[in-house]
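*Asks:* Before anything else, here's the structure in question.
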Amino acid sequence: MRRLRLLSALLLTPVLTGCFASEGTDGKPDDTGDGSRLRVALAFPPAENLSPYGADATILSRLGVTEGLTALDANGAPAPALASSWRRENDRTWLFTLREADFQDGTEVTPAAVAASLTHATEARPAPAALAGVTLTAQAEGSTGVRVTTKDPDPVLPLRLSSPSLAVLSARAYADGARVDPVGHATGPFELTKVMGATAATLDRFPDHWGGRAQASGVDVKFVADGTARANALRTGQVDLAEAIPVAQAAGLGQGMRKATATTRTTSLLLNTESGAFKNAGLRAAARQAVDTSVFAKDVYEGYADAGTGIYGPAVTWADGKRTAPTGRARATDADGTEITLATYDNRPELPEVAQVLKQQLEKAGFRVDLEVREYSRLETDALDGKFDAFVLARNTLVDTGDPVSVLASDHTCDGGYNIAQLCDRNVDKAVAKAERIADTGERQDAAMTAEAEILGTDAVVPLVHQRIITGVGTGVHGALLDPYERTLVGPGTRR
Amino acid sequence: MRNRAAALLWRAGITAVLVCAIGLLPWLTRTDPALTVLKARSAERAPDPAVLADIRAQLGLDEGPFRLLAKWLRGDAGRSWLSGAEVTPAVLQALGASLLLMAAALAVAAVTAALICARTLWRGAQGRLGGRRAGGSGSAVLAALPEFLTASVLATVVGVQLGWLPALGWYGPRWTILPALALGLPAGAVLGRLLDDLLPAAFAEPWALAAAARGLPGRSIARQAIRRCLPGLLPNTGLFAVGLTGGAVAVEQIFDIPGLGRTTLQAALAQDLPVLQAGTLALVLLAAAATGLAALAGRLLIGPALRDGALPSLHGPMPPARTLQPFAYGGLLALVIALGLPRDPLGLDTGERLRPPSLQHPFGTDGLGRDVLARVAHGALDTLLLALGISAAALLTGVLLGLLPRLSGPLVDTIVALPPVLVALLVTAVVGGGPATPALAVGTVAWAPLAAHTSALLRQERAALHITATRGLGADSWYLLRHELLPAALPPVTRHALLRLPGIALALASLTFLGLGAQPPTPEWGLLLAENQPYAERAPWAVLAPAAALALLGALAVTAAGGVRVPRRKRRAPVEVPQPQPRTKEFVEAG
């Protein structure tokens, strides 16, 4: 009998082990030894098996696995990455010069490999967000050049190529026709070695990285969707870095453990200009005047945000100096009990709170407000169809490409695909179209700010706050990359 | 044999309808799966038509629902629409984690139930059970604890502040303890309460007296009493086990456990139909297996007696708990409401947020500086009326369907196995998103455990000797139902329904994020708990107040249930005086 028990216990053990998650700490130490492994908790589990063409690309780029031809610098300008330099040959053609680098599988980064990798990205369906509406071809040019040609003139191509979804992978990544496999086929300072579904991943240092050897010998990543759980993991020392700590949990972390970074994410109140109460510009103006933005940043976001000043916040460093006052605003009319529906989503925990504060502010001004809070995917179709009078939206203003104009085009023009305010204004369209044509970075920024003033002039958008993202950094961890564009987190210099 | 085949067929039918309904979900709810899949993959991406068309082509959506169904009916679970990974291994892995969590939670539940019954068992074994019984409000309070609250308190206090156990992850036995506690405590409280309800009757049965007279040790008598009562509980235990597998979303999220609850929730929201179908199928099969096991265990425990109709009835004539407890609880609740009603539940003052209790704000303020006392009081009426209404409807349906166990049995365990979000989506698909939808969605699930309880009790009751005797005296089945069966089953099932009242209030709140049910800033209790949960550590009062109100409601419901007991028979109306050997007496009469 006792033997039977022992036997069954022995048999049960592997069965039980199978029921636990694998922790992913079995990455072998680097042969060169030094530097300890970093433990990181990321907020968004990979949705598409770490395919580089979707949102998972950001995970790869944040972990220092993949690199593109270019990167973004602190001011949002293109900076060299795999390409050491580039120049515009004519309206539609750019020539990029590669630096000497190796893929993690040992092959060399050649112009042919880069061109093939970009071509694969253009063929992906659905197309990567950075390539939406763009047709480009990439060809090898000599021993170090890659020539990229676009169908229409593309003044922001270097910015576009900094997108994580246009990262360069070796030929072997595409060996399996169905999916792209980034494991061991990228160029970054860290190399993916193992992916445990959507729960964890293991990375080792890539010793032959062109920028030198990373200080940490590897990274153990956990994907923890719950914000409180991430904060708890950091507080108990289970991880060294935890991204996106919710505002409500920040106070629980020690002063030195929470690092706030201004982001390009702006939370605004969008007013439906096409139907309902806010078709009336006077009422829109009344709503704008009723909103006291200081409350949101100070209280709802507990100081982890800046009061809304425009479509672009302080993280877009050049914006403030170039801002012009909105023109042509309508005079506010009396709300007089006008009933409106205010919708928002609860995927970001602060938004329902913002909406409730807004409700009170608007009601004080004489509106009667109905709140509608749902999960985002249950709300979007109705929002885009203009079913709500007002909508609170947190939007990344430098989406996908890092180009300031693209968000204006998609969100605030007649043909925009994400025009929740249903704004269709001739002057706005004209200003945005003008900005889209400009190649020079500075002039493009000027034009973007002119367009912003036009948009704010319609009162379709009331910027509420510019959000800061809180990264939990364990004591003794140095060199975490706190990036306003949320594209990097772990880099060669990150260590503990 | 034919019965069994029919039952099997019925079960298979339900499952097939369910799988088809899931397959048609996007078409029924008119929510484009290409859009939900896109949002789940990348929330920031603008849904422009070209992208959606690509996703549709990728998923084969343009072929319409029937081609997809045909593929699934051929047994090809396929690949996830989201990630493109094989569905079967992913679902099996999640199922493994969920089963382990469920097993650990059941162990905790068993211990909890044992602790709750310990006093009754002890006294019963000593033969000193007569007289007043405790109201069992402790267990009612425990049963009213929302899982997510227990989970976050355990994670914060035990996991983070004390550092005794890991607060996050699922990597080994040590990681199972806290989640199992969070899930097992409320479940164990309900089970223990139900068992505690049955035990005195078992101890009052003639065999117990005979055994005591024979000089058998109290320990063996207690053991046999448990054995005698368990079959009535087994179906509910099975349901708990099943419900814990697919419904443990909150706990899985807080402790970051890669279980089936989260997997199916994500799949349901993203309309990742292959994963949703496979997950649901796994849960339904599990439910069938659990029910089968429960039935088998019941047969092992009291099988021969059931078959031969040789069971004495278990519904003992318990004296109603004539204590002041319900008045105390009711009074306290009424006092809180009376104090809070004159206050403003909606007026927010963000400068005063998260203030601890003070004279000005006796229960403190919430994350937006609103008075918690006012919100609890103003929410009481809505919450109570709605929850009571749903409970009453669920009780009626449960008892009625419990009378038809062959029809309802498979339906019950299928419904309990389904993740609540999926039920809500299916209900929305059928009746649309009207104001009654959340109540319907919750009601659709709420009757199931009551039906299971009813049919378990009736099964035993039908096998009781006095039924045979009554039948022998010429009673028809209608008479039996009215005068023997229902009076026996109704009181415990009613208490059960009341015990689940707080759970219903919570379930209502959990649907808010689908755009169903109360919307902020309504001070509905479930919503209060949900919106203050992020601040549980910094401002515990903001969650404790509504949680305490719910617990008070649970205690009130359970203690007051002693007073709503249906008198068994007119001539036995003066039942207030505890009778030492009531059942024996009746056997003599009946025989």
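One line per chain: the protein sequences are A and B, in this order. Quick note on this note's numbering: the first sequence kicks off at 1 and runs consecutively. Quick note on this note's numbering: the second sequence kicks off at 1001 and runs consecutively. Just so you know, even glycine gets a beta-carbon here, dropped at the ideal spot from N, CA and C.
#1: Any beta carbon of chain A sitting closer than 9 angstroms to that of B:R1538?
#2: Check the DSSP bridge columns for A:K194 and list the partner residues they point to.
#3: Could you confirm whether any beta carbon from chain B is found closer than 9 angstroms to the beta carbon of A:F103?
#4: Please determine if the stretch 351 to 358 of chain A and the stretch 1512 to 1528 of chain B are in contact, where contact requires at least 3 C-beta pairs separated by less than 8 angstroms.
#5: Does B:S1139 pass the burial test, meaning 16 or more other C-beta atoms within 10 Å, or should it be called exposed?
#6: For B:D1048, which residues in chain A fall below 9 angstroms Cβ to Cβ?
#7: In chain order, what residues of the same chain lie with their CB nearer than 7 angstroms to the CB of B:L1061, ignoring the 5 residues before and after it?
#8: Would you please state the rounded distance, in angstroms, between the beta carbons of A:A140 and A:V146? I believe it to be under 8 angstroms.
#9: Spell out whether any CB of chain B is found under 9 angstroms from the CB atom of A:G360.
#10: Which term fits A:G476, buried or exposed, when burial requires 16 or more other beta carbons within 10 angstroms of its beta carbon?
#11: How would you list, in chain order, the residues of chain A whose beta-carbon sits under 8 angstroms from the beta-carbon of B:P962?
#12: Run down chain B in chain order and give the residues with a C-beta less than 8 angstroms from the C-beta of A:C19.
#13: Got a sec? Which residues, its chain only, sit under 7 angstroms from B:G1127 by beta carbon, not counting five neighbours each side?
#14: Can you tell which of A:L253, A:L63 and A:L82 has the C-alpha that lies nearest to the C-alpha of A:V183?
#15: Are the C-beta atoms of A:N347 and some chain B residue less than 9 angstroms apart?
#16: Quick one: is B:R1002 buried, meaning 16 or more other Cβ sit within 10 Å of its Cβ, or exposed?
#17: Nearest chain A C-beta to B:R1045 closer than 9 angstroms, yes or no?
#18: Three-state secondary structure (DSSP) at B:Q1093?
#19: Under the rule that 16 or more other beta-carbon atoms within 10 Å means buried, what is B:W1525, buried or exposed?
#20: Output yes or no for whether 9 angstroms exceeds the beta carbon distance between B:S1408 and B:A1451.
#21: Could you say which of A:T58, A:M257 and A:W94 lies nearest to A:A83 if we only look at CA atoms?
#22: Of all the CB atoms in chain A, is at least one closer than 9 angstroms to the CB of B:A1155?
#23: Measuring alpha carbon to alpha carbon, tell me which residue in B:W1010, B:I1014 and B:T1036 is nearest A:T381.
#24: Terminal residues of the continuous beta strand (DSSP E) containing A:K259?
#25: Looking at the secondary structure, which residues open and close the beta strand (DSSP E) in which B:E1461 lies?
#26: Can B:V1158 and B:L1165 be called in contact, C-beta distance under 9 angstroms?
#27: Comparing alpha-carbon positions, which option in A:E375, A:N75, A:S268 and A:D152 lies nearest B:L1514?
#28: What number of angstroms, rounded off, separates the C-alpha of B:P1438 from the C-alpha of B:P1420?
#29: Buried or exposed, going by whether 16 or more other CB atoms sit within 10 Å of the CB of B:T1291?
#30: Should A:G133 go down as buried or exposed, given a rule of 16 or more other Cβ atoms within 10 Å for buried?
#31: So, B:A1539 versus A:T228, is the Cβ gap smaller than 9 angstroms?
#32: For B:W1447, count neighbouring C-beta atoms within 10 Å of its own C-beta (all shown protein chains included) and say buried if the count is 16 or more, exposed if not.
#33: Within 10 angstroms of its Cβ, does B:F1255 collect 16 or more other Cβ (buried), or is it exposed?
#34: Taking the C-alpha atoms as reference points, what is the distance between B:A1394 and B:G1331?
#35: Output the boundary residues of the beta strand (DSSP E) element that contains A:G472.
#36: Give a yes or no on whether the minimum CB-CB distance between A:G252 and chain B is below 9 angstroms.
*Replies:* So, from the listed chains and residues:
#1: Position 538 of the second sequence, counted from the first residue, corresponds to residue 1538 of chain B. Chain A contact via Cβ: present.
#2: Sequence index remark: in the first sequence, residue 194 of chain A carries index 194 (1-based). For A:K194, which the question treats as bridged, DSSP gives the partners A:T202.
#3: The residue labelled residue 103 of chain A in the question sits at position 103 within the first sequence. No, A:F103 does not count as interfacial toward chain B.
#4: Touching, yes, given that three or more Cβ pairs across the two stretches are closer than 8 angstroms.
#5: Residue 1139 of chain B sits at position 139 when you count from the first residue of the second sequence. Answer is buried; the Cβ neighbour count reaches 16.
#6: As a working note, residue 1048 of chain B is residue 48 in the second sequence. By Cβ distance, chain A contributes A132, G133, S410, G417 and Y418.
#7: Your numbering for residue 1061 of chain B matches position 61 in the second sequence. Answer for B:L1061: P1033 and A1034, listed in chain order.
#8: Position 140 of the first sequence, counting from 1, holds the residue named residue 140 of chain A. Position 146 of the first sequence, counting from 1, holds the residue named residue 146 of chain A. Rounded, the Cβ-Cβ distance is 6 angstroms, consistent with contact.
#9: Position 360 of the first sequence, counted from the start, is the residue given in the question as residue 360 of chain A. The sequence shown places Gln at residue 360 of chain A, not Gly. With 9 angstroms as the cut-off, A:Q360 counts as an interface residue toward chain B.
#10: By one-based count along the first sequence, residue 476 of chain A stands at place 476. Classified as exposed, A:G476 has fewer than 16 neighbouring CB atoms from the shown chains inside 10 Å of its CB.
#11: No answer is possible for residue 962 of chain B: the residues shown for chain B start at 1001 and end at 1591.
#12: Along the first sequence, read from residue 1 onward, the residue named residue 19 of chain A stands at position 19. In chain order: G1096, A1097, L1099 and L1100.
#13: Residue 1127 of chain B sits at position 127 when you count from the first residue of the second sequence. A1212, listed in sequence order.
#14: Looking up residue 183 of chain A in the first sequence gives position 183. Comparing Cα-Cα distances from A:V183 to each of A:L253, A:L63 and A:L82, the minimum goes to A:L63.
#15: To locate residue 347 of chain A, count along the first sequence from 1; it is residue 347. Cβ-Cβ to chain B under 9 angstroms: yes for A:N347.
#16: Working through the second sequence from its first residue, we reach residue 1002 of chain B at position 2. Exposed, by the Cβ-count rule.
#17: Your numbering for residue 1045 of chain B matches position 45 in the second sequence. Taking Cβ atoms only, chain A reaches closer than 9 angstroms to B:R1045, which makes this a yes.
#18: For the purposes of this step, residue 1093 of chain B is taken as residue 93 along the second sequence, with counting starting at 1. The answer is helix: DSSP assigns B:Q1093 an H, G or I state.
#19: The count along the second sequence starts at 1 and reaches residue 1525 of chain B at position 525. Buried, by the Cβ-count rule.
#20: Position 408 of the second sequence, counted from the first residue, corresponds to residue 1408 of chain B. Position 451 of the second sequence, counted from the first residue, corresponds to residue 1451 of chain B. Contact: yes.
#21: As a position in the first sequence, residue 83 of chain A is number 83, starting the count at 1. Checking every option, the nearest Cα to that of A:A83 belongs to A:W94.
#22: Locating residue 1155 of chain B in the second sequence gives position 155, where the first residue counts as 1. It does: the Cβ of B:A1155 has a partner Cβ on chain A nearer than 9 angstroms.
#23: What you label residue 381 of chain A is simply residue 381 of the first sequence in a count that begins at 1. The candidate whose alpha carbon is nearest that of A:T381 is B:T1036.
#24: Looking up residue 259 of chain A in the first sequence gives position 259. Looking at the DSSP string, the run of the beta strand (DSSP E) that includes A:K259 is R258 to L271.
#25: Along the second sequence, read from residue 1 onward, the residue named residue 1461 of chain B stands at position 461. That residue, B:E1461, is in no beta strand (DSSP E); its alpha helix (DSSP H) goes T1437 to R1462.
#26: Residue 1158 of chain B sits at position 158 when you count from the first residue of the second sequence. Residue 1165 of chain B sits at position 165 when you count from the first residue of the second sequence. Contact: yes.
#27: The residue you call residue 1514 of chain B lines up with position 514 of the second sequence. It is A:E375.
#28: Counted from its first residue, the second sequence places residue 1438 of chain B at position 438. Counted from its first residue, the second sequence places residue 1420 of chain B at position 420. Straight-line Cα distance between these residues: approximately 11 angstroms.
#29: Position 291 of the second sequence, counted from the start, is the residue given in the question as residue 1291 of chain B. Buried, because 16 or more other Cβ atoms sit within 10 Å of the Cβ of B:T1291.
#30: The residue you call residue 133 of chain A lines up with position 133 of the first sequence. By the 10 Å Cβ count, A:G133 comes out exposed.
#31: By one-based count along the second sequence, residue 1539 of chain B stands at place 539. By one-based count along the first sequence, residue 228 of chain A stands at place 228. Not closer than 9 angstroms, so no.
#32: Residue numbering aside, residue 1447 of chain B sits at position 447 when the second sequence is read from its first letter. When all chains shown are included, B:W1447 counts as buried.
#33: Walking along the second sequence from the start, residue 1255 of chain B turns up at place 255. Classification for B:F1255: buried.
#34: In the second sequence, counting from the first residue as 1, residue 1394 of chain B sits at position 394. In the second sequence, counting from the first residue as 1, residue 1331 of chain B sits at position 331. For B:A1394 and B:G1331, the distance between alpha carbons rounds to 27 angstroms.
#35: Mapped onto the first sequence, residue 472 of chain A falls at position 472. Its beta strand (DSSP E) spans residues V461 to V473.
#36: Along the first sequence, read from residue 1 onward, the residue named residue 252 of chain A stands at position 252. In terms of beta-carbon proximity, A:G252 lines the interface with chain B, with at least one pair separated by less than 9 angstroms.
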